[in-house]
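Per our numbering, the very first residue in the sequence shown carries number 4; after that it's consecutive. A virtual CB, placed ideally from N, CA and C, is assigned to each residue, including glycine.
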Amino acid sequence: MKSLKQYTIFTGTEMKQQLLDKIEKRQATIGVVGLGYVGLPLALEFARAGFKVIGYDVNERVTKQLMSGKSHIMDVKTPDLAEYVKKGLFEATADESRLGECDAISVAVPTPLAKTRDPDMSYVLAAADAIAR
4 MKSLKQYTIF TGTEMKQQLL DKIEKRQATI GVVGLGYVGL PLALEFARAG FKVIGYDVNE
64 RVTKQLMSGK SHIMDVKTPD LAEYVKKGLF EATADESRLG ECDAISVAVP TPLAKTRDPD
124 MSYVLAAADA IAR
């Protein structure tokens, strides 16, 4: 059994400062959930800024296409995507467990309107569940 001395205990302030330091040094791993017309450009902007990015999408066909360096979004040029994949700054996956490697996560999933004009939050809730697991 480990003694309490063997564990490192951080306060919320210390954790916040550690994250801020990682961000400032571009050592933070950024997660982006949803690699559509909002999430993919966002992910590539993080990669362009020098962060390692793990992009998660439930559509494995899309993640495989992205990992081959081919964009499915008109606003994202294939050569730009291929550059960040090759550099190892962008990785696309359908494996939600990879989100555990991220220091910060941005959620970019659809919220379509129902017939009642209320937003359908099921994609947001599914994203939250994937992050929590």
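Under the assumption that Leu69 contacts Leu92 (Cβ atoms under 8 angstroms), give the Cβ distance between them as a whole number of angstroms.
13 angstroms between Cβ atoms; not a contact.
Flag this pair as yes or no: are the beta carbons of Ala111 and Val35 separated by less than 9 angstroms?
Closer than 9 angstroms, so yes.
Can you name, in chain order, every residue of its own chain whose Cβ lies under 7 angstroms from the Cβ of Lys25, other than the five neighbours on each side?
Result list for Lys25: Ala31, Asp106, in chain order.
Count the other CB atoms, across all protein chains shown, that sit within 10 Å of the CB of Leu22; report buried if there are 16 or more and exposed otherwise.
Under this definition Leu22 is an exposed residue.
Using C-beta distances below 8 angstroms, list every residue in its chain close to Lys5, excluding the 5 sequence neighbours before and after it, in chain order.
In this predicted model, Lys5 has a pLDDT of only 49, less than 50, meaning its place in the structure is not dependable; the value taken from the coordinates is given anyway. Once the five neighbours on either side are set aside, Lys5 has no close Cβ partner at all.
Going by beta-carbon coordinates alone, are Gly53 and Gly42 separated by less than 9 angstroms?
For Gly53 and Gly42, no; Cβs fall outside 9 angstroms.
Taking the beta carbon of Asp132 as the centre, do at least 16 other beta carbons fall within 10 Å, making it buried, or is it exposed?
Classification of Asp132: exposed, given that the 10 Å Cβ count is below 16.
Helix, strand or coil: how does DSSP classify Phe93 here?
The answer is strand: DSSP assigns Phe93 an E or B state.
Measure the C-alpha to C-alpha separation of Phe49 and Ile108 and round it to an integer number of angstroms.
Between Phe49 and Ile108, the C-alpha separation is close to 11 angstroms.
Only counting runs of 3 or more residues, tell me where the beta strand (DSSP E) segments fall wholly within the stretch 34–90, in order along the chain.
Listed in chain order, they are 55–59.
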